[in-house]
Each structure stands twice: as structure tokens, then as C-alpha cells.
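Sequences listed follow chains A and B, in order.
So the first sequence is numbered by the numbering used here: it starts at 381 and just counts up by one.
So the second sequence is numbered by the numbering used here: it starts at 51 and just counts up by one.
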Amino acid sequence: MERTPEYLAQYKNVWVFAEQRNGKLMPVVIELMGEGKKIASQIGTELCAVLLGSDVKKLADELISYGADKVYLCESELFKNYTTDGYYKTISELINEYKPEVFLIGATHIGRDLAPRISATVDTGLTADCTKLEVDPEDKKLLQTRPAFGGNIMATIVCPKHRPQMSTVRPGVMKKAEKDPSRTGKIITVSPKLSPQDIRTKVLNVVKMVKTNVDIQQAEIIVAGGRGLGKKEGFELIEKLAEKVGGVVGASRAVVDSQWITQDHQVGQTGKTVRPKVYIACGISGAIQHLAGMQDSDCIIAINKDPQANIFKIADYGIVGDLYEVIPQIIKSLDNIDELSKSV
Amino acid sequence: MKIIVCIKQVPDTTEVRIDPVKGTLIRDGVPSILNPDDNSALEEALRIKETLGQGTTVTVITMGPPQAEEILRQAMAMGADSAYLLSDRAFAGSDTWATSNAIAAAIKSIDNFDIVFCGRQAIDGDTAQVGPQIAQRLGIAQVTYVQSLRIEGNSIIVDRALEDGYETIQVNTPVLLTAIKELNTPRYMSINGIFDAFREKEIKVLGIKDIGLDPALTGLTGSPTQVRKSFTPEPKGKGEMLTGSVKEMSDQLVIKLKQKHLI
């Protein structure tokens with residue numbers, strides 16, 4: 381399947397799949413807009429969003445304010461719920477007609493259902509769950525980096541001879557685009573060539589589970605506990621510190637597996653990827669799978685008894701000590717913050 | 051009903067270690083296992099067979115080197131009726147796109163089917179791509195992230211997991227489904243099953259000629275994606291270890307965070 385330079389040259393622009401559920405953009409879309417803008421400017425091309433839905437025109441304006449030069453807007457009653465058939469057929473046709481060079485999709489449960497189906501339809505490569513995207517300064521190809529073997533190894537993948545270069549991107553990894561309501565862009569309305577018979581699955585019901593906890597991916601400060609807490613009750617202390625600094629509680633896989641805390645708190649390769657402003661790791665040794673989920677945090681603070689713990693290798697500030705002594709003292713120091721600031 | 055289950059042999063990634071000097075994967079002594087999500091797909095296929103009774107068959111297929119036969123024997127010892135090993139040097143180095151071409155061609159060459167069952171993803175690559183790509187090659191509907199399933203006449207009703215809940219989907223056969231571990235708890239091999247799997251049952255080996263696939267559509271050279279480099283994640287620069295008494299360290303930390311406007 382050798383592809384000619386003429387074939388490659390037909391493909392222009394960076395596309396982002398603007399996944400929406402119930403008329404709201406998924407947070408990962410804003411992250412993809414930020415990343416897509418960076419890639420588009422490095423290649424020297426435009427950033428476009430692909431928006432499917434029923435009555436979602438207002439989201440097109442929102443996408444423009446997040447940096448889209450063009451929005452392909454495709455509205456139909458058939459897009460009220462996501463269906464694989466409705467979405468992959470429509471988007472594959474758009475790709476064949478408008479020929480994007482790069483296509484980014486959030487690695488959500490919907491994105492991971494849709495993207496491989498499209499890649500097999502338009503016959504191009506797809507790289508899953510990317511955590512880093514770059515443009516090769518020489519040949520302008522997309523360098524797609526992703527973890528493999530449970531985060532033990534990173535691989536940089538290229539798609540040299542097929543277009544578009546498709547990636548799904550892990551939610552929570554890329555920086556969000558800034559919103560600028562004064563931006564202008566073009567909305568291109570496309571009518572889907574789709575009949576109800578094209579959709580072979582029928583969505584009978586969508587059930588939302590009640591969320592008992594805040595979303596750790598949206599938090600600016602995370603205080604996370606690990607095996608070093610020694611007991612389930614240790615999380616009371618973690619919660620106290622989290623409350624004091626206005627953060628939320630995170631956890632390592634070990635303590636989730638031990639059922640000290642629920643899975644929605646889990647950070648890491650099999651949990652969530654987070655990049656808060658401050659990540660305080662308490663009694664977490666720093667297994668590679670955990671680091672994979674939090675190492676891009678702006679400031680990492682590690683508290684651990686073992687001075688050899690892996691977590692200190694990536695920490696900005698390390699404290700070796702018993703967390704049951706250190707955390708209460710940090711809370712006291714925080715109470716005294718005004719005094720302390722004056723003394724510096 | 052005819053069910054085909056696609057399975058993969060994977061290294062147990064929880065046991066994989068990195069050579070600290072060379073920065074490469076240490077695979078020696080790492081056990082190979084049946085991929086966990088695939089195990090759930092197989093279990094569900096066997097349960098459907100038990101529910102529907104006579105006339106329902108479960109066929110397992112894997113692509114891999116000759117030693118991948120182990121998981122086919124395991125699947126037959128759990129109750130699968132027949133097994134195919136897709137093995138040929140022509141498939142080596144395939145990415146997901148090229149792998150799906152080979153598996154879909156093999157499925158077409160074996161028999162007709164009602165359900166193709168895959169695991170959502172394999173723990174070595176975590177891509178979750180091969181299932182939907184096979185569905186596209188076969189021209190059938192797909193439902194991924196299946197967390198529960200029941201059969202009503204010609205219809206299959208499944209719950210598909212979402213990040214914040216699930217959706218209930220109705221679909222007719224033929225269909226490709228991908229299983230997540232919440233779907234069930236896989237059974238162990240039975241003693242009689244093990245006896246049958248090793249003494250009575252046969253594994254059929256398929257090469258690229260047997261499935262009639264154009265070699266340009268598979269293997270390393272047929273893969274649209276290429277690995278440019280692989281590396282171990284590099285730790286970021288060494289930070290600062292705070293020193294002094296617990297009170298001194300805590301005070302220093304709070305002052306630093308305040309100065310950087312982080313709190």
C-alpha cells in the first residue's frame with residue numbers, strides 16, 4: 381500500500397472530534413482544541429472541529445471560541461444518542477471529502493469505539509491513548525507517543541504513508557485551550573447522508589450513575605494516599621489535608637484494591653490521569669503505573685518514610701518522615717501561613 | 051448459534067520489569083497468560099452456549115507464534131468446541147489495522163457466524179482497536195465495553211459501560227461484541243476439559259495462503275503505523291529534599307507553596 385506524494389499532499393488541516401453528550405462538550409474536547417491548535421500552527425495549517433448531534437449549533441460557536449478556524453456541523457435527529465454506525469459512516473464520508481491531515485479523538489468510551497471503526501473504513505493508521513503529540517520539525521509528520529506494557533515503556537508511533545494521521549488522546553493529559561469569545565471562524569453545515577436503517581443498534585436507555593465524589597481530573601489540588609497509610613482510617617487524615625488546601629482525595633491502585641477507598645479516586649495507568657497544580661503523594665512509593673498517571677502535575681510533593689522511594693525521583697519537594705506526624709504539622713503550618721509569610 | 055471468540059496470549063504486564071541499565075523490557079521469566087478481557091469474552095460465549103443448548107458452538111481463534119497454542123488449549127479445556135491458530139511469518143509485526151485484516155480474513159474462511167466476541171483490549175498494548183476494526187472488515191454492527199448481556203429471540207440486549215454509567219443497546223446478529231471484566235467471572239479449566247483439550251481436540255493452524263489474504267495488507271510492511279522509537283519514561287529532574295525537624299520541613303513547604311502562589 382505505497383502512497384504517492386500527490387496523495388499525501390491532498391490532505392490538509394488538523395481535525396478534532398468534538399464529542400458531545402446531551403448537548404455538552406466533553407472536557408477532553410477542550411484539551412484537544414488546545415493541543416490541536418499547537419499542532420496546526422507547527423504544521424502551518426488550520427484547526428477544524430467536527431461536531432455531530434441533534435440541535436447542537438450553539439456548541440459550534442463555543443468551539444470557535446476555543447480556537448476552531450472551521451467547524452463542520454452535522455445535525456440530525458439520528459444523532460440524538462451516539463451510535464457507532466451513525467457516527468462512523470458520517471465522519472468517514474467527511475474525511476473522504478475534506479481530507480484532513482491529522483485527526484484527534486478523545487480516548488473516551490465513545491472515542492475508543494468510534495476511532496478504530498473509522499480507521500478501518502478510510503484505511504489509515506490509528507494510535508491509541510496518546511499522552512504526547514509532537515510535530516517532526518523536518519518532515520512535519522505527527523509523532524504520537526503512548527504508554528505500552530502497563531506504562532513500563534513508551535513508544536513513539538508514526539503513520540508515514542496513510543492519511544489522516546489518527547490518534548486517540550487520553551483525557552486529562554493535554555492542557556485545555558483558552559476561551560476567547562471574540563474569535564471568529566466559519567461554520568460549515570453538512571447534511572448527513574444517513575437513513576434510520578443504516579443504524580443497526582438501538583439505544584434503549586442511558587443510565588447515569590450518581591456521582592458520590594468530585595472528579596479528580598478537574599481538581600487543581602490532589603492529596604493522594606497509598607499503602608503507607610497502613611490502614612483504611614488513614615484516609616481521614618488525607619481528607620483533612622485535602623479539605624484544608626481546597627483539594628480532593630486521590631489514591632494509588634494498592635489501596636483501591638484493598639478497598640480502603642473507591643475506584644473513582646484512583647490515579648495511574650489503570651485509573652485516571654491527572655495534572656493538577658499541586659499533587660501531594662502521602663505514603664505512595666511511586667510504582668511506574670502510578671507515576672504514569674500523575675507525573676505531569678505542575679508541583680509534586682512527596683511524603684514517605686522510605687528515603688529510597690521511587691516517588692522522590694519525580695517530586696519537586698520531598699519530606700522523609702512519618703506521614704502521621706508530617707501531615708498534622710503541615711495543617712498547623714497552613715493555619716500559621718500569614719505569620720510564616722511575614723517571617724521570610 | 052455460532053460464536054467465534056478472538057483471544058490473545060499476552061505477557062502478564064504486572065510482572066514485566068525494566069532493565070535499569072539497558073532500559074529494555076525484561077521478558078525472561080514473565081508468564082504468558084490469556085488476556086483478561088478475552089477470558090471474559092470466552093466465558094460469556096460459553097454461558098450463551100449453556101443457555102441456548104444444542105446447536106450452539108464456540109470457536110476460538112488467536113493470531114500469534116506457535117506457542118500461542120497454549121491459550122487455545124486452555125480455551126478448549128474451559129469448553130470451547132474448536133480452535134484455530136493463525137500463525138505465519140507474514141503476519142509478524144502487524145499493527146492493529148493489519149492484525150484486523152488477518153483475523154477478519156480468517157473468520158471469513160472458517161465458517162459463517164452469529165456473534166464475534168473479543169475482549170475490549172489486551173493488557174500489552176491497551177489499544178482496544180482490533181475488535182471494531184474486525185467488525186468493519188466483516189461489515190457487521192459492533193457494541194464495545196459490554197458489561198452485561200442477555201439474548202431475546204433474534205435480539206441481543208447489552209449494557210455498554212460509559213464513564214459515568216451505562217447505556218442499554220439492542221442489536222441483531224450478526225454482531226461483534228467486546229467484553230470488559232465486569233461482564234462475568236471466568237471459570238477454571240475442568241479436569242475432563244483438560245483431558246479433552248490435550249487428547250481429543252485438535253488445533254487447526256492457518257497460514258496466510260489458507261485465508262486468502264493479500265500479503266500487502268498485513269505484517270510489518272502492510273501496517274500503516276510504525277514504531278519510530280521506544281523508551282522508558284524518564285523521571286523528571288531531581289527536586290528538593292527538605293531537611294530539619296518535622297516542623298521546620300512543614301513550614302518550609304508551606305512557605306514555598308505560598309511563594310509560588312500554588313496555595
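The C-beta atom is built at its ideal place from N, Cα and C for all residues, glycine as well.
- Taking C-alpha positions only, ILE111(B) is separated from PRO283(B) by approximately 34 Å.
- Rounded to the nearest angstrom, the Cβ distance from VAL482(A) to PRO544(A) is 6 Å, consistent with a contact under 8 Å.
- Per DSSP, reduced to three states, the secondary structure at ILE305(B) is helical.
- The shortest CA-to-CA distance from VAL658(A) to any of MET406(A), ASP637(A), GLN598(A) and ASP435(A) is the one to GLN598(A).
- The DSSP assignment places complete alpha helix (DSSP H) segments of no fewer than 4 residues inside the stretch 462 to 529 of chain A at 464 to 478 and 491 to 501, in order along the chain.
- Annotated as proximal: GLU411(A) and LYS556(A), with beta-carbon spacing under 8 Å.
- Between the stretch 567 to 581 of chain A and the stretch 516 to 534 of chain A there are fewer than three inter-stretch CB-CB distances shorter than 8 Å, so the stretches are not counted as touching.
- LEU720(A) sits away from VAL296(B), with the two beta carbons spaced by 8 Å or more.
- Pairing LEU84(B) with PHE615(A), the inter-Cα distance amounts to about 36 Å.
- Secondary structure note for SER150(B): its alpha helix (DSSP H) is the uninterrupted segment 146 to 160.
- ASN585(A) reaches chain B at GLU217 and THR218, counting residues in chain order whose Cβ is nearer than 8 Å.
- For SER723(A), the closest C-alpha among the options LYS310(B), HIS311(B) and ASP301(B) is that of ASP301(B).
- Within chain B, the residues placing a beta-carbon under 8 Å from that of LEU720(A) are ASP301, VAL304, ILE305 and LYS308, ordered along the chain.
- Under a criterion of Cβ atoms nearer than 7 Å, the residues of chain B adjacent to SER713(A) are, in order, SER300, ASP301 and VAL304.
- Chain A places no beta carbon closer than 8 Å to that of ARG200(B), leaving this residue out of the contacts.
- For LYS652(A), the CB contacts under 7 Å within the same chain, skipping 5 residues up- and downstream, are GLY552, ILE596, GLN597, GLN646 and GLY673 in chain order.
- Within the stretch 479 to 507 of chain A, those residues whose Cβ lies closer than 9 Å to any Cβ of chain B are, in chain order, ALA487, THR488, HIS489, ILE490, ARG492, ASP493, LEU494, ALA495, PRO496, ARG497, ILE498, SER499, ALA500, THR501, ASP503, THR504, GLY505, LEU506 and THR507.
- Note that the C-beta distance between GLU93(B) and ARG237(B) is below 8 Å.
- Beta-bridge partners assigned by DSSP to THR107(B): LYS52(B).
- The contact set of ILE173(B) on chain A, defined by CB atoms closer than 9 Å, consists of PHE529 and GLY530 in chain order.
- Excluding the 5 residues flanking it on each side, ALA508(A) has same chain C-beta neighbours closer than 6 Å at THR548, in chain order.
- The straight-line gap separating the alpha-carbon atoms of ILE207(B) and GLU213(B) is approximately 20 Å.
- When Cβ pairs closer than 8 Å are counted between the two stretches, the stretch 484 to 500 of chain A is seen to touch the stretch 137 to 152 of chain B, the count reaching three or more.
- Neighbours of GLN709(A) in chain B, taken as residues at a C-beta separation under 7 Å, are given in chain order as VAL296, LYS297 and SER300.
- Taking 9 Å as the cut-off between beta carbons, none of the residues of the stretch 83 to 116 of chain B comes near chain A.
- Within the stretch 616 to 628 of chain A, those residues whose Cβ lies closer than 7 Å to any Cβ of chain B are, in chain order, VAL625.
- Across the set PRO708(A), LEU388(A) and LEU484(A), the C-alpha of LEU388(A) shows the shortest separation from the C-alpha of HIS542(A).
- The contact set of PRO540(A) on chain B, defined by CB atoms closer than 7 Å, consists of GLN276 in chain order.
- In this structure ALA247(B) does not touch ALA118(B) by the C-beta definition: roughly 15 Å separates them, more than the 8 Å allowed.
- Taking 8 Å as the cut-off, the Cβ atoms of GLY486(A) and VAL436(A) do not count as close.
- At a cut-off of 8 Å, the C-beta of CYS679(A) has a neighbouring C-beta in chain B.
- The beta strand (DSSP E) runs of length 3 or more contained entirely in the stretch 228 to 270 of chain B are, from start to end of the chain, 253 to 256.
- Any Cβ of chain A closer than 8 Å to the Cβ of PHE141(B) would place that residue at the interface, and such an atom is absent.
- At a beta-carbon threshold of 8 Å, the residues of chain B lying near GLY698(A) are GLY289, GLU290, MET291 and LEU292, ordered along the chain.
- Every unbroken stretch of the beta strand (DSSP E) spanning 3 or more residues and falling wholly within the stretch 402 to 442 of chain A is given here in chain order: 427 to 433.
- Counting along the chain, ILE707(A) sits inside no beta strand (DSSP E); it lies in the alpha helix (DSSP H) bounded by residues 703 to 715.
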